[in-house]
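Heads up, the sequence shown is in our numbering, so the first residue is 12 and it goes up one at a time. Have a look at the structure below before the remarks.
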Amino acid sequence: MNFSALKIFKKNENILTIIIILMILVMSLISPSFFSLENTFDILRGATFIGICSIGFLFVLITNGIDISFTATATVVQFLMASLLLSDKNIPIAVILLGPIVVGGLLGALNGVLINWLKVPAIIITIATLNAYYGGIQFISGGNQLYGFPKWFTSFPRKLVLKVLNDDGVTIGLSSVTVIWILVCIIGFVILRYTMLGRKIYAVGGNTIAADRQGINVNRTRIFVHAFLGLVAGVAAIIHAMLTQTAAPNALIGKEFDVLTAVVLGGASISGGAGSIRGTVLGVLFVAILKNGLTVMAVPTFWHQIFIGLIMVASVATTATRTRLDKKKAGGVDFEEA
């Protein structure tokens, strides 16, 4: 019995699940309205942006990479989509939505190409592209927001599935944008768990030299994960515009830290080779529930960032220590289930 309990606490996802349950109980005692179906749907809808981006960021982190420019990529996608949406020309909806997402994928792939071609640390390249993309959008937009989107676009998040009536007789349910997040999670899970590409991603992050000797194209794999992050960031950007009904040059600044915190908190190793979709989703839920709870308790916004920063430091330190100990024991690569 004791052995089983210890085994449960050894797995990061189990620990995080217990912490989330305790956090929900505490928040519910402080504010009874917190533990309601309506608030649960609101939390899931609000977490969609960081939830979708976290899946792409996980792919990059597993390969022992880093890309902090995805929010800037998302901003480029958002403005391109908004410009097409507000255009006088009769542009097909498929082009308006899918075209900018493809651009996001290309910008992500560009990061991967530059990192591999220049042999410069990924953090340097992505800081450079982060500033270049944000600077370009600020210049083109003049710092102004784009708004006035058509109703079919802004009403999409209000399309509900799993509909129920609340105590006031109002229909509530799971937002369509949350369903898109779930679909992205499923795609990520299938790639990492059931495909050869997924095994290559883990292998590259676990031991680059060994992966290269096994015939894995390391550069191509790394370019793919950066392109994948760009694609999902593009999807998240469009959903964010649907939710906020605007495209603002600075709306996404700082969200990369929420994503990084969620992914590392979910058990992804900063040294590569480990990470899971389940853990990442739990990390996103932790961040979303914490922020929602702090908002319900009327805690000032700057405290939200302080808490996220402290959690990020603690998560990185804990994950790094666990990874180091695991590698000493196993003497190999840590392949976690997706």
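Yeah, the Cβ is synthetic: ideal placement off N, Cα and C, and Gly gets one too. Bear in mind the structure is a predicted one, so any value in this text is a computation, not a measurement.
Proximity of Phe70 and Val236 at Cβ, strictly below 7 Å: Numbered from 1 along the sequence shown, position 59 holds the residue referred to as residue 70. Numbered from 1 along the sequence shown, position 225 holds the residue referred to as residue 236. Yes.
Under 7 Å between C-beta atoms of Met38 and Gly294: In the sequence shown, the residue the question calls residue 38 occupies position 27. In the sequence shown, the residue the question calls residue 294 occupies position 283. Contact annotation: Met38 and Gly294 have beta-carbon atoms that are not nearer than 7 Å.
DSSP state of Lys174 mapped onto helix, strand, coil: Within the sequence shown, the letter at position 163 stands for residue 174. Three-state result, Lys174: strand.
Through-space distance from Gly217 to Lys211, alpha-carbon basis: Residue numbering aside, residue 211 sits at position 200 when the sequence shown is read from its first letter. Residue numbering aside, residue 217 sits at position 206 when the sequence shown is read from its first letter. Near 10 Å, if we compare the C-alpha coordinates of Gly217 and Lys211.
N- and C-terminal bounds of the beta strand (DSSP E) containing Ile77: Stepping through the sequence shown from its first residue, residue 77 is reached at position 66. Annotation: Ile77 is outside any beta strand (DSSP E) and is labelled neither H nor E by DSSP.
Under the three-state DSSP convention, the category Gly278 falls into: Here residue 278 refers to the residue found at position 267 of the sequence shown. Under the three-state reduction of DSSP, Gly278 is assigned to coil, being neither helix nor strand.
Bridge partners - Ala258, DSSP secondary structure assignment: Position 247 of the sequence shown, counted from the first residue, corresponds to residue 258. Its beta-bridge partners are Leu157.
Those runs of the alpha helix (DSSP H) which lie wholly inside the segment 277 to 319 and span at least 4 residues: DSSP runs (the alpha helix (DSSP H)) wholly in the segment 277 to 319: 288 to 307.
Host alpha helix (DSSP H) of Ser187 (start-end): Against the sequence shown, residue 187 aligns to sequence position 176. From DSSP, the alpha helix (DSSP H) with Ser187 extends over Ser187 to Tyr205.
Local conformation of Phe346 per DSSP, three classes: Along the sequence shown, one-based indexing puts residue 346 at 335. Caution is warranted here: a pLDDT of 48 is assigned to Phe346, below 50, making its placement in the model unreliable, and the coordinate value is therefore given only provisionally. Three-state DSSP puts Phe346 in coil, outside helix and strand.
Cross-strand partners of Thr182 (DSSP beta bridge): In the sequence shown, counting from the first residue as 1, residue 182 sits at position 171. According to DSSP, which records beta bridges pairwise, Thr182 is partnered with Leu176.
Distance, Ile220 Cα to Phe167 Cα: Position 156 of the sequence shown, counting from 1, holds the residue named residue 167. Position 209 of the sequence shown, counting from 1, holds the residue named residue 220. Rounded to whole angstroms, Phe167 to Ile220 spans 47 Å at the Cα level.
Minimum C-alpha distance to Phe150 - residue among Ile288, Ile30, Ala299 and Ala259: Residue numbering aside, residue 150 sits at position 139 when the sequence shown is read from its first letter. If we check each option's Cα against that of Phe150, Ala259 comes out closest.
Whether Asn230 touches Asn75 by CB criterion (7 Å): Here residue 230 corresponds to residue number 219 of the sequence shown, with the count starting at 1. Here residue 75 corresponds to residue number 64 of the sequence shown, with the count starting at 1. Taking the C-beta atoms as reference points, Asn75 is found no nearer than 7 Å to Asn230.
Among Ser186, Leu157, Gly180 and Asp178, nearest to Leu171 - alpha-carbon criterion: In the sequence shown, counting from the first residue as 1, residue 171 sits at position 160. Per the C-alpha coordinates, the member of Ser186, Leu157, Gly180 and Asp178 positioned closest to Leu171 is Ser186.
Ala143 versus Ile30: straight-line alpha-carbon distance, rounded: Looking up residue 143 in the sequence shown gives position 132. Looking up residue 30 in the sequence shown gives position 19. Our two residues, Ala143 and Ile30, have alpha carbons roughly 39 Å apart in a direct line.
Three-state secondary structure (DSSP) of Gln225: Residue numbering aside, residue 225 sits at position 214 when the sequence shown is read from its first letter. Reduced to three states, the DSSP call for Gln225 is coil.
Proximity below 7 Å, CB of Val270 to CB of Ile134: Residue mapping note: residue 270 aligns to position 259 of the sequence shown, counting from 1. Residue mapping note: residue 134 aligns to position 123 of the sequence shown, counting from 1. Contact flag unset, no.
Residue of Cys64, Ile66, Gly123 and Phe164 minimising C-alpha distance to Ala105: Here residue 105 refers to the residue found at position 94 of the sequence shown. A check of alpha carbon separations from Ala105 across Cys64, Ile66, Gly123 and Phe164 identifies Phe164 as the nearest.
Rounded separation between Ile227 and Cys64 - CA only: In the sequence shown, counting from the first residue as 1, residue 227 sits at position 216. In the sequence shown, counting from the first residue as 1, residue 64 sits at position 53. Going from the Cα of Ile227 to the Cα of Cys64 covers about 26 Å.
Whole-angstrom distance between Leu108 and Phe268, CA atom to CA atom: If you number the sequence shown from 1, residue 268 lands on position 257. If you number the sequence shown from 1, residue 108 lands on position 97. Leu108 has its alpha-carbon roughly 26 Å from the corresponding atom of Phe268.
Integer Cβ distance of Gly110 from Leu95, believed to fall under 8 Å: Counting from one through the sequence shown, the residue named residue 110 turns up at place 99. Counting from one through the sequence shown, the residue named residue 95 turns up at place 84. Taking 8 Å as the upper bound for CB-CB distance, Gly110 and Leu95 are in contact here, some 7 Å apart.
Own chain, CB closer than 6 Å to Met353, minus 5 neighbours either side, in chain order: Residue 353 lies beyond the range of the chain shown here (12 to 349); nothing can be said about it.
DSSP three-state assignment for Ile250, whether helix, strand or coil: On the sequence shown, residue 250 is found 239 positions in, with the first residue counted as 1. In the three-state reduction of the DSSP assignment, Ile250 falls in the helix class, which pools H, G and I.
Same chain, Cβ closer than 6 Å to Gly277, neighbours up to 5 away in sequence not counted: The count along the sequence shown starts at 1 and reaches residue 277 at position 266. Answer for Gly277: Gly290, Thr291, Leu293 and Gly294, listed in chain order.
Cβ neighbour criterion (16 or more within 10 Å) applied to Gln225: Locating residue 225 in the sequence shown gives position 214, where the first residue counts as 1. By the Cβ neighbour-count rule, Gln225 is exposed, with fewer than 16 other Cβ atoms within 10 Å of its own.
Exposure of Met207, with buried meaning 16 or more beta-carbon neighbours within 10 Å: Start at 1 with the first residue of the sequence shown, and residue 207 comes out as number 196. Exposed: under 16 other Cβ atoms inside 10 Å.
Residues of its chain near Ala299, where Cβ-Cβ distance is below 6 Å and the 5 sequence neighbours each way are ignored: As a working note, residue 299 is residue 288 in the sequence shown. If we look at Ala299 and ignore the five residues flanking it on each side, its Cβ neighbours are Ile54 and Ala58.
Length of the line joining the Cα atoms of Glu49 and Gly184: Here residue 49 is taken as the residue at index 38 of the sequence shown, counted from 1. Here residue 184 is taken as the residue at index 173 of the sequence shown, counted from 1. Taking the straight line from one Cα to the other gives about 8 Å.
Cβ-Cβ distance between Thr84 and Leu118 below 7 Å: On the sequence shown, residue 84 is found 73 positions in, with the first residue counted as 1. On the sequence shown, residue 118 is found 107 positions in, with the first residue counted as 1. Yes, they are a contact pair.
Tyr158 beta carbon less than 7 Å from that of Thr255: As a position in the sequence shown, residue 255 is number 244, starting the count at 1. As a position in the sequence shown, residue 158 is number 147, starting the count at 1. For Thr255 and Tyr158, no; Cβs fall outside 7 Å.
Short CB-CB distance (under 7 Å) between Val175 and chain C: The displayed structure is made up of one protein chain only, and chain C is not part of it.
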